[in-house]
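Have a look at the structure below before the remarks.
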Amino acid sequence: MKKLPPKLNTDRKFPTNMTTAHALCLKAKNGEKGNQKGKRYAVPAFNITHFQGINAAFKAFELLGSSGLLAVSNSALKHFGEGDAIYGLEVASEYITKKAARSSIKIATHLDHGDYISEAGRRVVQASVQHLTSVMADNSTDKVAKAAMPLQDNADLTREVVDMAHPLGLSVEGELGVLAGEEDEDTKSEFSTYTNPDELDQFLQHTGVLMLAPTIGTMHGPNKGKPGSKVKLNIKLAHELLAVADKINPEITFVAHGASTLYPEVVKYAVEQLDKMNDPSNSKQKWLDFVGTDWDQIEGLIEAGFCKINTDTENRQTFLSALLGAITETSSKIDIRWYDNQCTDALVKSYIQKLIMAGNYGVWHEPKIDVKKYQFDLSKSLSDLI
Ligand SMILES: [Zn+2]
Numbered sequence: 202m203k204k205l206p207p208k209l210n211t212d213r214k215f216p217t218n219m220t221t222a223h224a225l226c227l228k229a230k231n232g233e234k235g236n237q238k239g240k241r242y243a244v245p246a247f248n249i250t251h252f253q254g255i256n257a258a259f260k261a262f263e264l265l266g267s268s269g270l271l272a273v274s275n276s277a278l279k280h281f282g283e284g285d286a287i288y289g290l291e292v293a294s295e296y297i298t299k300k301a302a303r304s305s306i307k308i309a310t311h312l313d314h315g316d317y318i319s320e321a322g323r324r325v326v327q328a329s330v331q332h333l334t335s336v337m338a339d340n341s342t343d344k345v346a347k348a349a350m351p352l353q354d355n356a357d358l359t360r361e362v363v364d365m366a367h368p369l370g371l372s373v374e375g376e377l378g379v380l381a382g383e384e385d386e387d388t389k390s391e392f393s394t395y396t397n398p399d400e401l402d403q404f405l406q407h408t409g410v411l412m413l414a415p416t417i418g419t420m421h422g423p424n425k426g427k428p429g430s431k432v433k434l435n436i437k438l439a440h441e442l443l444a445v446a447d448k449i450n451p452e453i454t455f456v457a458h459g460a461s462t463l464y465p466e467v468v469k470y471a472v473e474q475l476d477k478m479n480d481p482s483n484s485k486q487k488w489l490d491f492v493g494t495d496w497d498q499i500e501g502l503i504e505a506g507f508c509k510i511n512t513d514t515e516n517r518q519t520f521l522s523a524l525l526g527a528i529t530e531t532s533s534k535i536d537i538r539w540y541d542n543q544c545t546d547a548l549v550k551s552y553i554q555k556l557i558m559a560g561n562y563g564v565w566h567e568p569k570i571d572v573k574k575y576q577f578d579l580s581k582s583l584s585d586l587i
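In this text, residue positions in the sequence shown follow our numbering: the first is 202, and each later residue adds one.
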């Protein structure tokens, strides 16, 4: 008989206030906040790409008493490390660890879309196991050959990562199925494949992962479908998959990639700024053409155990919109901190909005703001909103 995959070592002690992504997502799946058990909620995974983004996320988490999940992609790590992903990993994780030590909430750091296929991918995953608290081993697609990996290869490579990470106490996220999207306009949703329940069963048994990203129709990037025809998620399949996973281990949590919604107020604000600027490029139409997934569909996924929801696009859009607003207001301030603060505060607002939508507040302490009264507004200063 094949050896069983190693269980996650939950005795591992991480630095102060650091924990695994799985620990936070399991709490969400069980609806745990403080000592109370209530409705299932989700932990948005925010992709951070710069230090101000980290600061903004901590501020939002602490205002709301949320579980904090910070994800870094390979390209973000290269940005932190000025081209060197491993160095970027050391720098970013050190910075987060220092901030976590004086925080009021718990934080997980997670490698987004790591892969164990390429040599470079393997090196980043191995280094992440030393510096982060959770890793994604996305072996579903061979990015160089641009082809789906055979199920067995995906499972074997993901198991290698579990064999390495679980004994050290790091949670591992796998991916099964192919997700369409990204910024390529020719990529259509037909190219994504839904996760098959039988394959899910085999994959979970073989790999032992406690976090799994199935494909049920979500897409990466800012254009989830075309204007007027949004992607439709297969919520029925999501529930079928949950039943399969729960039977193997009720501690398994699902992950929704490409789960960003579109904030209409952000689009409106950006368009207003572009009008004021008489923008000669065609940016306005691009803003108007952005298509996000409707939030009620994401809520359907949360009910089906998708307790990690990856949200990036709407935060990027908020940042950019605020930058347009700052430049429209004044383009001659010789103090870059002013522009920086406008954009960082906008990110805080965006993060607060998503955390409230996902129900991720009051987990580690009572929120310091009134979540029922909070209104996302880019034209007001952050201090006026909280
Ligand atoms: Zn993704």
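Beta carbons are placed, not taken as given, at the ideal position from N, Cα and C, and that holds for glycine.
- Less than 8 Å separates the beta-carbon of L434 from that of I417.
- Only residues of its own chain outside the window of five on either side were considered, and among them F262, I306 and I308 have a CB closer than 6 Å to the CB of G269, listed in chain order.
- Nearest to N275 by C-alpha distance, out of D285, S267 and G266, is D285.
- Cα atoms of C226 and K509: separation of roughly 6 Å, rounded to the nearest angstrom.
- Ligand 1 has no heavy atom closer than 7 Å to the beta-carbon of G422.
- In the three-state scheme derived from DSSP, where H, G and I count as helix and E and B as strand, P398 is classed as helix.
- Checking the DSSP bridge columns, you'll see A348 partnered with D343.
- Around L443, the same chain offers F455, A505 and G506 as residues with beta carbons nearer than 8 Å, after the five sequence neighbours per side are excluded.
- Membership of A272 in any alpha helix (DSSP H) is not indicated; the residue belongs instead to the beta strand (DSSP E) covering G269 to S274.
- Taking all protein chains in view, the Cβ of G239 is surrounded by fewer than 16 other Cβ atoms within 10 Å, so the residue is classified as exposed.
- Set against 7 Å, the gap from the CB of H440 to the closest heavy atom of ligand 1 is not smaller.
- Looking at the backbone, the Cα of K234 and that of V564 are separated by about 4 Å.
- Sequence-distant Cβ neighbours of F520 in its own chain, meaning closer than 7 Å and more than five residues away, are C544, A547 and L548.
- Residue pairing of G426 in beta bridges, as defined by DSSP: K431.
- Here I449 is not near L413, since their CB atoms are 8 Å or more apart.
- The stretch 276-283 makes no contact with the stretch 298-305; the number of CB pairs closer than 8 Å stays below 3.
- Residues of the same chain with a CB within less than 6 Å of the CB of G501, apart from the 5 flanking positions on each side, are I436 in chain order.
- Of the candidates T419, R213 and P568, T419 places its Cα closest to the Cα of T512.
- With respect to the C-alpha of V468, the residue from E441, S522, K477 and G322 having the closest C-alpha is S522.
- By the neighbour-count criterion, in which 16 or more other beta carbons inside 10 Å mark a residue as buried, S580 falls on the exposed side.
- Nearest Cα to A224 within the set F577, L209 and H407: L209.
- In the structure shown, G289 falls within a helical segment according to DSSP collapsed to helix, strand and coil.
- In summary, W488 is buried, with 16 or more beta-carbon neighbours lying within 10 Å of its beta-carbon over all protein chains present.
- Within the DSSP secondary-structure output, P415 pairs in a beta bridge with L377.
- Between the beta-carbon of S335 and that of S304 there is about 17 Å, and that puts the pair past the 8 Å contact cut.
- With a cutoff of 7 Å, H566 does not count as near ligand 1, since its C-beta is closer than that to no heavy atom of the ligand.
- Residue environment analysis places S482 among the exposed positions, since fewer than 16 neighbouring C-beta atoms fall within 10 angstroms of its C-beta.
- For the 8 Å CB-CB criterion, H314 and L333 do not form a contact.
- Distances from the CB of G315 to the heavy atoms of ligand 1 are all 7 Å or more.
- A check of alpha carbon separations from T211 across L290, K203 and T220 identifies T220 as the nearest.
- Taking C-beta atoms under 8 Å as the contact rule, G426 and L463 fail to qualify, at a distance of about 11 Å.
- In the displayed model, N511 falls within a strand according to three-state DSSP.
- Contact between I499 and A471 is ruled out by a C-beta separation of about 22 Å, above the 8 Å threshold.
- Annotated three-state conformation of D571 is coil, per DSSP.
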